[in-house]
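In mature numbering (1 follows the signal peptide of the UniProt record, and there is no 0), the protein residues as written are -20 to -1, 1 to 261.
A virtual CB, placed ideally from N, CA and C, is assigned to each residue, including glycine.
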């Protein structure tokens, strides 16, 4: 290699900043923030309150309309691709603030009752409020209809539970240890035949299964820990066509195992019967 070429190569290695190309700013891809900065006119960004909705940017850092638009049925908004994509199941943003000094909404949920929330008075919760019967579940922003968006379905260590244990709200066999206020970092599972007893802060073979958030629908749209709160047949995945279902012959306060339709059949999530795969929407 010629000496001149070696010198140029050395300079490139020593001073990359002076010769590097600046990356152009890009339109935001955070599904939990409506951010139109650096977005082109007509580009779509997420609605953090509902992953099936989106806003349209005006090209100047703002949005065209103050109300979000809905994706077509059976689709959700993909913030990375800036468009609606196939699939009804998507992960909602966590908007539950349990301490008034953290809350950006001026509201905090009751940690165990999903129908109750508090309006903040400075750094402290004020008078309790109750959601209506038609929209009974508070999700951190508002009262709405989807049970699995309850704030009480999220494990959280408030300032009163530091250095103590708390139950897993979706599984009565699990528990968490609160080192600090906020999301718990450590958890455990009770031995077989035991449930976590919140009154004595430990697992016990004499404790009842007390699931705070019963029949929680997880991020893939299915219920892994199912309790019978009614008699009948129920889909394991309430919005999907899968072979698995639950059969309740009596009320229970423990989890039951799922059953499966015959090969080539799916459990219809609306009709609650096994149907041929091509007949399930």
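Short Cβ contact (9 angstroms threshold) for residue 164 with residue 174
For residue 164 and residue 174, no; Cβs fall outside 9 angstroms.
Quick check: the Cα distance between residue 240 and residue 219, rounded to an integer number of angstroms?
Each residue's Cα considered, the two are about 16 angstroms apart.
Is there contact between the stretch 101 to 112 and the stretch 55 to 75, where contact requires at least three CB pairs shorter than 8 angstroms?
By the criterion of at least three beta-carbon pairs nearer than 8 angstroms, the stretch 101 to 112 is not in contact with the stretch 55 to 75.
Among the residues of its own chain, which have a CB less than 7 angstroms from the CB of residue -18, if the five just before and after it don't count?
For residue -18, the predicted structure reports a pLDDT of 43, less than 50, and the residue's modelled location is therefore unreliable. A value from the coordinates is still provided. Correct list: empty, nothing qualifies.
DSSP has residue 243 in a bridge; who is on the other side?
When beta bridges are read from the DSSP output, residue 243 appears opposite no residue.
Is it buried or exposed, residue 129, if we count other Cβ atoms within 10 angstroms and call 16 or more buried?
With 16 or more other Cβ atoms within 10 Å, it is buried.
CA-to-CA distance, residue 199 to residue 261, given in whole angstroms:
Going by the C-alpha atoms only, they are around 20 angstroms apart.
Can you name the residues that DSSP bridges to residue 153?
None, per the DSSP bridge assignment.
Taking the Cβ atom as the reference point for each residue, do residue 180 and residue 159 lie within a distance shorter than 9 angstroms?
The Cβ-Cβ distance between residue 180 and residue 159 does not fall below 9 angstroms.
Can you tell me the Cα-Cα spacing of residue 176 and residue 149, whole angstroms?
Rounded to the nearest whole angstrom, the C-alpha separation of residue 176 and residue 149 is 11 angstroms.
Do you know how far the Cα of residue 244 is from the Cα of residue 253?
Take the alpha-carbon of residue 253 and the one of residue 244: they are about 13 angstroms apart.
Can you tell me the Cα-Cα spacing of residue 258 and residue 222, whole angstroms?
If you take the alpha carbons of residue 258 and residue 222, they lie about 12 angstroms apart.
Below 6 angstroms CB to CB, which residues in the same chain sit around residue 51 once its five sequence neighbours on both sides are set aside?
Residues of the same chain with a CB within less than 6 angstroms of the CB of residue 51, apart from the 5 flanking positions on each side, are 32, 57 and 64 in chain order.
Could you check the C-alpha separation between residue 87 and residue 135 for me, to the nearest Å?
Cα-Cα distance, rounded: 18 angstroms.
Ends of the beta strand (DSSP E) at residue 169?
Boundaries of the beta strand (DSSP E) around residue 169: 166 to 169.
Three CB pairs or more closer than 8 angstroms across the stretch 81 to 98 and the stretch 15 to 29
Touching, no, given that fewer than three Cβ pairs across the two stretches are closer than 8 angstroms.
Other residues of its chain near residue 121: CB distance less than 7 angstroms, five sequence neighbours each side excluded
Excluding residues within five positions, the ones whose Cβ falls inside 7 angstroms are 29, 75 and 85.
Sequence-distant residues of the same chain with beta carbon closer than 7 angstroms to residue 250, five excluded per side:
There are no such residues.
With a CB to CB cut of under 8 angstroms and the five nearest residues on each side skipped, what residues in its chain are close to residue 78?
Here the set comprises 88, 89, 91, 131, 136 and 138.
What is the rounded straight-line gap between the Cα of residue 18 and the Cα of residue 53?
One C-alpha to the other measures close to 29 angstroms.
Nearest-angstrom beta carbon gap, residue 73 and residue 111 [assumed within contact, 8 angstroms]:
For residue 111 against residue 73, the beta-carbon gap comes to about 20 angstroms, at or over 8 angstroms, which does not count as contact.
Does the Cβ of residue 119 have 16 or more other Cβ atoms within 10 Å, making it buried, or fewer, making it exposed?
A residue is called buried when at least 16 other Cβ atoms come within 10 angstroms of its Cβ; residue 119 meets this threshold and is buried.
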